[in-house]
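So the sequence shown is numbered by this note's numbering: it starts at 20 and just counts up by one.
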Amino acid sequence: MLVPSEFARLAVVHGTVATVSDPHEIANVLGLHGIDFMIKNSQGVPLKFFFGAPSCVPATSFESSGAHLGPAEIAALLVRKDIKYLSEMMNFPGVINNDKEVMAKIDIAKNQKKPTDGHAPSLTGEQLKKYIAGGITTDHECFTLDEAREKIAYGMKVQIREGSAAKNFDTLIPLIEKNSEDLMFCSDDKHPDELLEGHINLMIRRAIQLGYDPLQILKVCTLNPARHYQLDVGLLQQGDPADFIIVDNFNDFNIAATYINGQAVARNGHCLFSTEKGDTPNIFKASPVSMDNIKVPALAGTIRIIRAIDGQLITKQETGEAKIKNNLVVSDTERDVLKIVVINRYQNAPASVAFVRGFGLKLGAMASTVAHDSHNIIAVGTTDKEIVNAVNLLIKSKGGIVVVNGEEQLHLPLPVAGIMTNHNGQEVASIYRQLNTAAKKLGTPLHAPFMTLSFMALLVTPELKLSDKGLFDGTQFDFTSLFVF
């Protein structure tokens, strides 16, 4: 939720000297203009940002986004020296089935001798072999040791992820004993309140304190990514840029200072450089909605229910009895079956409505325009009135995150593409913490409720998700009906 320059101010304090970053979030909203914004914004700070060419904009054909990047746009990006790789190929059916456009993008990366990142949750066996054979080199979506070991055995690099919503470190860290050459660490999505506490350094500390070899751990998060992505970072060799950190000791791994290109950029928990706010590009064309727009006539008594899982991007598909009132299906707080809506932000269109379990709200509603990957408006709530109030607040501000409960409102505007802000990172983190606290007071048990909400629209992870066009079965990779007839 922070623009690169503000992210940098928080990250360098934790010893981060460089990132491998996929700008597909802003690309889904603003296309090439969004990627250019990210690169330009990052150039004003010492942290080294290495961006990829977004492979899937839009992520699927089953949702509405603000842009389309085809092979011509990918070719224009990958010839640039500041674009280091083809970022995660989420369209794994396209790779497996040899889709012409998908394979054209991968071939462009191969011709430029740049790697292609993967996205293959729960993909195994022959389908996995085909996916890797298509040219995919990494995956950060492993949920089990067996899954990760199979991918490594077939030649993939596995990125152990520990983000705000998806947390796979504890499950996958045993891989380091025999497979350190094939591993990297990543955060994937990390919200600003947690970034204040730490970044990749927290994974290093945990691994060391679990008893793993410190040199192997450091190789995983320094040498391995630098070599895989051919990054222009210092590796403490003659002639390299002087990129290094100073720590208090190898056990606690507290960062005393961070140096980039020989200059101190952070010391004792304080960033040593400042930033300017800069531009706030955006696109937002949705008009205010009413309760009539999100009503669900009761066509049957049984419905499909999205089961949200705390700490995971994947969901489960359940079925259950609908709560029906005045011949309409409504939220059922007693059974934790709440209405969830996704609304197209790029043009006026009918709302998409389904039901979700796991958010646990007893009052109010929460909504966001951070909704992977197309970043339409997503909201979950206990009543239609609360949902509509939350949605209309976001439409008025042209993007953000909000919690509402009657007259009470807490709102974090996100003026950059509706998914980021250029405001001070520590101030943003403070407001975000307040939002999380407010959501939990309404009843949610989720560790990161807004992060979890944002992934309810991520169609490329199974099992059941919701786009602005309808309820989506990620296992069958097609739409499905809300009602079970």
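Ideal Cβ positions, reconstructed from N, Cα and C, are used throughout, including at glycine.
Counting other Cβ atoms within 10 Å of its Cβ, residue 354 stays below 16 and is therefore classed as exposed. A direct Cα-Cα distance of roughly 44 Å separates residue 313 from residue 152. In this structure, the alpha-carbon of residue 88 lies about 8 Å from that of residue 77.
DSSP places residue 190 within a helical segment (H, G or I) once states are collapsed to three. Residue environment: residue 203 is assigned as buried (16 or more neighbouring CB atoms within 10 Å of its CB, all protein chains considered).
Taking a 10 Å sphere around the C-beta of residue 56, we find 16 or more other C-beta atoms and assign the residue as buried. With fewer than 16 other CB atoms across the displayed protein chains lying within 10 angstroms of its CB, residue 456 is exposed.
Between the alpha carbons of residue 150 and residue 111 lies a distance of about 7 Å. DSSP places residue 40 within a strand segment (E or B) once states are collapsed to three. DSSP places residue 361 within a strand segment (E or B) once states are collapsed to three. Within the region 174 to 254, the complete alpha helix (DSSP H) segments of 4 residues or longer fall at 188 to 191, 195 to 198, 211 to 214, 219 to 228, 233 to 240 and 242 to 247, listed in chain order.
About 18 Å separates the beta carbons of residue 356 and residue 476, which is beyond the 8 Å limit, so they are not a contact pair.
Residue nearest to residue 101 within the set 142, 116 and 59 is 59 (criterion: CA-CA distance). Note that the C-beta distance between residue 388 and residue 482 is not below 8 Å. In this chain, the alpha helix (DSSP H) harbouring residue 92 covers 90 to 97. With a contact defined as Cβ atoms closer than 8 Å, residue 24 and residue 64 qualify at about 5 Å. In this structure, residue 252 and residue 67 form a Cβ contact; the two beta carbons are roughly 6 Å apart against a cut-off of 8 Å. Within the same chain, 319 come within 7 Å of residue 504 by CB-CB distance, once the 5 residues on both sides are set aside. In its chain, beyond the 5 residues on either side, 417, 418, 434, 435, 436 and 437 have a beta carbon closer than 7 Å to the beta carbon of residue 301. Residue 156 and residue 118 have their alpha carbons spaced roughly 18 Å apart.
Residue state for residue 268 is assigned as coil, using DSSP reduced to three classes.
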